[in-house]
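One structure below.
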Amino acid sequence: MSTATGQRSRKMLACTAEANAYQKAFGQDLKRRVVDEGEPFAIVQADTPHEIFHVMDIPIVTNQWWSAYISAKQLSAQYFEVMAKAGFPANNCKYCSLGLACTLANDPTTAPWGGLPKPTVLVARLTCDCIQQVFGRWAEALDSEFFPLEAPAWREKEPRWFAHSRDDWERVYEPDRIALMVDEMQDLIALLEQRTGRRFDADRFHHLMERINEQEGYIWEAAQAIGTARPCPVSIAEQMPNTMIPQWHRGSDWAVSHARKFRDEVLERVNAGLGASAGRERLRLMWIGAGVWHDPGFYQALEEKLGAVFVWSMYMPFAGPQYIREIHGKPMEALASRICSMNEVLHLPPWMNTWMESEAERCAIDAAVVLLPPDNRLSQSGTKLTAMTLEQAGIPVLSIDADMVDARNWNHERMVGTVADFLNEHGLA
Numbered sequence: 122m123s124t125a126t127g128q129r130s131r132k133m134l135a136c137t138a139e140a141n142a143y144q145k146a147f148g149q150d151l152k153r154r155v156v157d158e159g160e161p162f163a164i165v166q167a168d169t170p171h172e173i174f175h176v177m178d179i180p181i182v183t184n185q186w187w188s189a190y191i192s193a194k195q196l197s198a199q200y201f202e203v204m205a206k207a208g209f210p211a212n213n214c215k216y217c218s219l220g221l222a223c224t225l226a227n228d229p230t231t232a233p234w235g236g237l238p239k240p241t242v243l244v245a246r247l248t249c250d251c252i253q254q255v256f257g258r259w260a261e262a263l264d265s266e267f268f269p270l271e272a273p274a275w276r277e278k279e280p281r282w283f284a285h286s287r288d289d290w291e292r293v294y295e296p297d298r299i300a301l302m303v304d305e306m307q308d309l310i311a312l313l314e315q316r317t318g319r320r321f322d323a324d325r326f327h328h329l330m331e332r333i334n335e336q337e338g339y340i341w342e343a344a345q346a347i348g349t350a351r352p353c354p355v356s357i358a359e360q361m362p363n364t365m366i367p368q369w370h371r372g373s374d375w376a377v378s379h380a381r382k383f384r385d386e387v388l389e390r391v392n393a394g395l396g397a398s399a400g401r402e403r404l405r406l407m408w409i410g411a412g413v414w415h416d417p418g419f420y421q422a423l424e425e426k427l428g429a430v431f432v433w434s435m436y437m438p439f440a441g442p443q444y445i446r447e448i449h450g451k452p453m454e455a456l457a458s459r460i461c462s463m464n465e466v467l468h469l470p471p472w473m474n475t476w477m478e479s480e481a482e483r484c485a486i487d488a489a490v491v492l493l494p495p496d497n498r499l500s501q502s503g504t505k506l507t508a509m510t511l512e513q514a515g516i517p518v519l520s521i522d523a524d525m526v527d528a529r530n531w532n533h534e535r536m537v538g539t540v541a542d543f544l545n546e547h548g549l550a
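Residue numbering for the sequence shown follows our numbering, beginning at 122 and increasing consecutively.
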């Protein structure tokens, strides 16, 4: 289906425009630093220690952000065709490999920024089989080096990890796993210092970790208010940018200030009784999976059509349990506990499904819609079991076979109609 059917989302918050403007300016400045001026930079996965790069003032291009950026510019289809012609399997993970596809296309006339230059290093955790292949080939294509971080098995299966992760993180995430991550981060720091000439400042790092706690606290407060308020004051079309854009800059003065502004604007809307839907809120929906970056208007279409508001997505409530850490004088270990299981708690049972069931109860969710990317094994395995858990709790679940960055099988009207039909079939609309 044509990607032209994607629609823009409707903005109701002043801070949403501010966040988007800041990110646009950041993108321009990042291009200036890494493309125009040739400053050292790194390409990294979302679940890697960005804090190390921030402390050392080394620019980073986050793979998932870059993929979303490419997808929003409606370029994903032509880049995946390039990969297919080069002999890559058609069922490769689209989210992680779109940046590689852009590099392999080697077409400065279409690529954002004319394409990425050679980075100092590429960094990713080995959370699934495709990561090593994608980042290994990408490093090769860019004449750089891939620095892998291990993803060791998590032996303690504590379903309610989210209830103890803030202050009891050493036990929850296991000392040996934390120690391994600390060792690897120290090796990464040494590599960056050697190649860039920049130094890691331990005091600055400790301060950054404290500031991140402050920032995530504001987002957590906003998430709690949104989950309990009737009507829901802010749909996920605005929750996502106001959470994720500051996350890319976490701990910076701007990010902390913006998180506070967002919290305050959410509370103002709650106190005024303002809802996300232009009409009466009738249904509260849960979105499970990454955002549909090529069609941000999809979520609000259901508000207008049925008064069905997407109240919840993983990005915002994740701020509390997975980011906030009582540091206990161990900032490096606290960061390691945050990083060493970030993907696991979002995508694998028993952590994923138990947390999302708890969140569905907290937010009084009527139904859930699950994005099930057909070629993303990590998303599929845990997501299907999470759907079963929600259904057992009495919450109807619709699974959509679609991808967050590949719009070739997506059609806005058809997808909105699919969700509407599902709600009607379950007597909810």
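The beta carbon of each residue, even a glycine, is placed where N, CA and C say it ideally should be. For clarity, every value in this text was computed on a predicted model and none was experimentally measured.
Which residues DSSP lists as bridging residue i, in chain order
i, result
"V490", "W408, L519"
"F268", "V244"
"A429", "L404"
"A163", "I181, V242"
Distance between residue j and residue i (C-alpha atoms, nearest Å)
i, j, result
"L151", "E447", "32 angstroms"
"F321", "P240", "19 angstroms"
"K505", "L511", "10 angstroms"
"A222", "R390", "42 angstroms"
"A162", "V242", "Before going on, a small fix: residue 162 reads as Phe here, not Ala. Approximately 7 angstroms between the Cα atoms of the pair."
"W186", "A523", "18 angstroms"
"V155", "Q144", "16 angstroms"
"V244", "E480", "31 angstroms"
"C353", "I252", "37 angstroms"
"E279", "P442", "14 angstroms"
"A146", "K382", "19 angstroms"
"F543", "V537", "10 angstroms"
"P438", "R384", "13 angstroms"
"W259", "N392", "49 angstroms"
"L237", "E482", "43 angstroms"
"W476", "P229", "43 angstroms"
"A455", "Y294", "10 angstroms"
"E266", "F209", "21 angstroms"
"W234", "A300", "38 angstroms"
Proximity to residue i [Cα-Cα], best of the options
i, options, result
"T317", "Y190, L247, P180", "P180"
"T183", "Y216, A350, Q195, R529", "Y216"
"S356", "E402, N545, Q144", "E402"
"I486", "W290, R351, E139", "R351"
"M306", "W472, I460, A138", "I460"
"M133", "Q360, W290, F174", "Q360"
"W531", "E172, G396, S192", "S192"
"L247", "L270, T231, L263", "L270"
"G394", "T349, F419, W375", "T349"
"H175", "I299, H285, F326, A311", "F326"
"R535", "A508, G450, A422, Y444", "A422"
Pair within 7 angstroms by beta-carbon distance, residue i and residue j
i, j, result
"S520", "L549", "no"
"I333", "T364", "no"
"M407", "A343", "no"
"N464", "D168", "yes"
"D416", "H533", "yes"
"V491", "A514", "no"
Coarse secondary structure for residue i, derived from DSSP in three states
i, result
"T224", "helix"
"W531", "coil"
"F256", "helix"
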